[in-house]
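Numbered continuously in my numbering, the sequence shown closes out at residue 520.
Structure first, then comments.
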Amino acid sequence: MSLWDDLKQHQASQRLSIAEMTGDEARNSGLRVRLDDMLLDCSKTTMDAAALALLTDIAKQAGVETRRDAMLAGEKINETEDRAVLHTALRYQGSNPILVNGEDVMPGVRDTLSRMRAFSDALRSGAIAAHDGKPFTDVVNIGIGGSDLGPAMAVRALSPYCDGPRAHFVANVDGSDIADTLARLDPARTLVIVASKTFTTIETMTNAATARNWLEAGLGAGLGAHLAALSSAVDKAGAFGISAERVFGFEDWVGGRYSIWGPIGLNLMIAIGPERFDAFLQGGYEMDQHFRTAPLSQNMPVLLALMGIWHANACGHPTRAVLPYDERLGRLPAYLQQLDMESNGKRVALDGSTLPRSSGPIVWGEPGTNGQHAFYQLIHQGTHIIPCEFLVAANGQESDLDHQHKLLLANCLAQSEALMLGRPQADTPHRVFPGNRPSSTLIYDRLDPRTLGRIIALYEHRVFVEGVIWGLNSFDQWGVELGKELATAMLPLIEGADAGKKDNSTRSLLAHLDRLR
Ligand code: F6P
């Protein structure tokens with residue numbers, strides 16, 4: 004029998020409820036990991052000591068430690084694309100070399116970072132100014148996926164620390180996104196940053212051209228002063244009209260969804276300033292150190308991953324909800340959807356064989372308490388079991404509103420308690436809460452740049468560990484290609500070309516559009 008069979012058998016043989024299990028404090032403490040102020044508590048799940056032992060054996064058998072060390076050492080663990088995976092180098096604070104193909108990548112990383120710092124400082128002070136010599140008041144980041152979600156999420160998360168020019172983000176090819184954003188802005192006071200690793204993504208290139216036209220029309224001259232780029236493709240950015248000293252490049256060993264730590268984070272750095280951005284990097288690095296050195300049993304990303312494996316593969320729960328009791332983490336679920344689902348939404352193993360079990364779950368969520376008044380009905384009384392991942396800061400940023408923060412905390416803790424205990428007795432079945440529904444809680448002191456860095460790195464490593472255990476490559480994303488190709492081929496049909504070769508269903512949609520346009 005394999006360890007996986009043992010795991011399933013153990014899950015099937017469990018008789019105690021979560022509430023009963025929490026009576027065993029030795030078991031609970033094995034399901035808690037602390038890193039300074041940050042606590043991950045997974046005791047409100049059906050994991051017990053035996054489950055944890057089996058899961059840890061599965062992780063070891065999958066080679067999590069070896070693979071982790073290979074990633075951090077710059078080995079080409081992204082085998083389908085023949086690339087190293089080194090977003091951790093972007094936040095590395097140590098002095099050792101990190102080698103890719105025998106070459107230390109750290110001098111390049113530090114050089115780009117100091118160029119970003121100089122640019123941000125100069126922009127914030129007004130030394131880098133608009134074409135008329137006056138300071139920029141607004142910066143628009145045009146990018147999509149990993150070139151948007153990270154900085155957009157982080158700027159919102161760290162709004163109390165934003166004291167630079169206002170940051171805006173445009174992602175969707177839907178013209179309403181850029182139209183609504185530019186309508187609020189003055190071209191004379193606006194810097195446009197085109198963020199695209201490849202500088203070929205159709206949404207970004209289309210929006211970038213629209214923004215360039217808007218700048219040209221509004222400025223008359225001096226367009227170059229209003230543009231910058233974040234890209235691995237310096238030549239393509241040059242062809243777009245952005246001079247080389249305004250292009251911040253990164254290497255192919257930084258995946259889009261892992262790229263907030265480098266140039267893609269420029270709009271965040273401009274908004275919060277280089278020193279706070281350093282604290283953000285420091286937080287990520289501290290989580291890396293913890294991930295690299297803590298034994299598996301006391302390793303926060305590993306525990307989070309093992310809980311994910313338990314829920315997905317032993318319990319068979321196909322989704323997980325991320326529920327930040329932190330309004331400023333409102334975009335975290337969307338950010339994690341890309342990080343998690345683009346990384347681990349795979350059905351084949353590294354060697355191309357079909358995976359023997361389900362892999363990445365469906366990730367979704369909303370900030371509490373808003374979600375409580377929307378979908379928590381299903382979480383508490385629905386027919387699906389949704390493992391819930393709560394996040395909350397012990398202290399809010401608004402010291403004069405601490406009474407509201409206490410209410411937020413009370414709601415967060417009450418929800419996990421309600422999920423666990425339920426209310427088995429009631430006057431009618433409609434009022435019964437079955438309980439025994441799993442959740443985890445991540446508590447941190449305050450949502451500052453360092454803590455945000457830790458949270459993002461925690462989830463990155465969790466996704467990594469789960470991917471290794473499932474035996475897939477978390478670092479490619481071939482699944483996004485087909486739709487892109489078909490959209491390119493579909494455009495002429497939208498413009499009126501003959502749709503004769505299309506399937507009946509698509510032809511009928513095209514015909515209806517044709518009637519309406
Ligand atoms: O959606 C696919 C994807 O390649 C993501 O992985 C990436 O973050 C996004 O598109 C944007 O890519 P780029 O930065 O090259 O424009």
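Beta carbons are placed, not taken as given, at the ideal position from N, Cα and C, and that holds for glycine.
Secondary structure of residue 172, DSSP reduced to three states: strand
Continuous alpha helix (DSSP H) stretch holding residue 462: start and end: 452–473
Option nearest residue 316 by Cα separation, candidates 303, 280, 363: 363
Segment contact, 8 Å Cβ cut-off, at least three pairs: the segment 185–197 with the segment 136–150: yes
Environment of residue 497 [buried if 16+ CB atoms lie within 10 Å]: exposed
Opening and closing residue of the beta strand (DSSP E) in which residue 195 lies: 193–198
Residue 314 and residue 390 closer than 8 Å at C-beta: yes
Cβ pair residue 87, residue 97 closer than 8 Å: no
Cβ-based burial, residue 197 [other Cβ within 10 Å; buried from 16]: buried
Inter-residue Cα distance where the pair is residue 6 and residue 53: 12 Å
In DSSP terms, what residue 391 is bridged to: 324, 442
With 16 other Cβ atoms within 10 Å as the buried cut-off, status of residue 407: exposed
CB-CB length for residue 394 against residue 156, believed under 8 Å: No, residue 394 and residue 156 are not in contact; Cβ-Cβ is about 13 Å, not under 8 Å.
Three-state class that DSSP yields for residue 264 in the structure shown: coil
Start and end residues, alpha helix (DSSP H) containing residue 232: Segment 230–233 is the beta strand (DSSP E) holding residue 232; no alpha helix (DSSP H) there.
8 Å Cβ cutoff met for residue 237 and residue 225: no
Cα-Cα separation between residue 426 and residue 383, rounded to whole angstroms: 10 Å
Coarse secondary structure for residue 106, derived from DSSP in three states: strand
Residue 27: first and last residue of the uninterrupted beta strand (DSSP E) it sits in: Note, residue 27: premise wrong, no beta strand (DSSP E); not H, not E.
Three-state secondary structure (DSSP) of residue 367: strand
Start-to-end residues for the beta strand (DSSP E) that takes in residue 37: 35–38
Where residue 67 falls, given that 16 or more other Cβ within 10 Å makes a residue buried: buried
Residue 201 CB to nearest heavy atom of the ligand F6P below 7 Å: yes
Of the residues 18, 416, 171, 366, the one placed nearest residue 1, counting alpha carbons only: What the structure shows of the chain is the stretch from 4 to 520, and residue 1 is not part of that stretch, so it cannot be assessed.
Proximity test, residue 260 beta-carbon vs the ligand F6P heavy atom, cut-off 7 Å: yes
The segment 240–254 contacting the segment 265–274, beta-carbon criterion three pairs below 8 Å: yes
Residue 257, enclosing alpha helix (DSSP H) - first and last residue: Taken as a continuous stretch (DSSP letters only), residue 257 belongs to no alpha helix (DSSP H), as it is neither H nor E.
Per DSSP, cross-strand counterpart(s) of residue 357: 351
DSSP bridge partner residues for residue 396 (one or two, in chain order): 447
Same chain, Cβ closer than 8 Å to residue 115, five either side skipped, listed in chain order: 251, 252, 253, 265, 266
Status (buried if at least 16 other CB within 10 Å, exposed otherwise) for residue 29: exposed
Separation of residue 135 from residue 344, as counted between CA atoms: 45 Å
Validate contact between the segment 267–284 and the segment 146–160 using beta carbons, cut 8 Å, 3 pairs: yes
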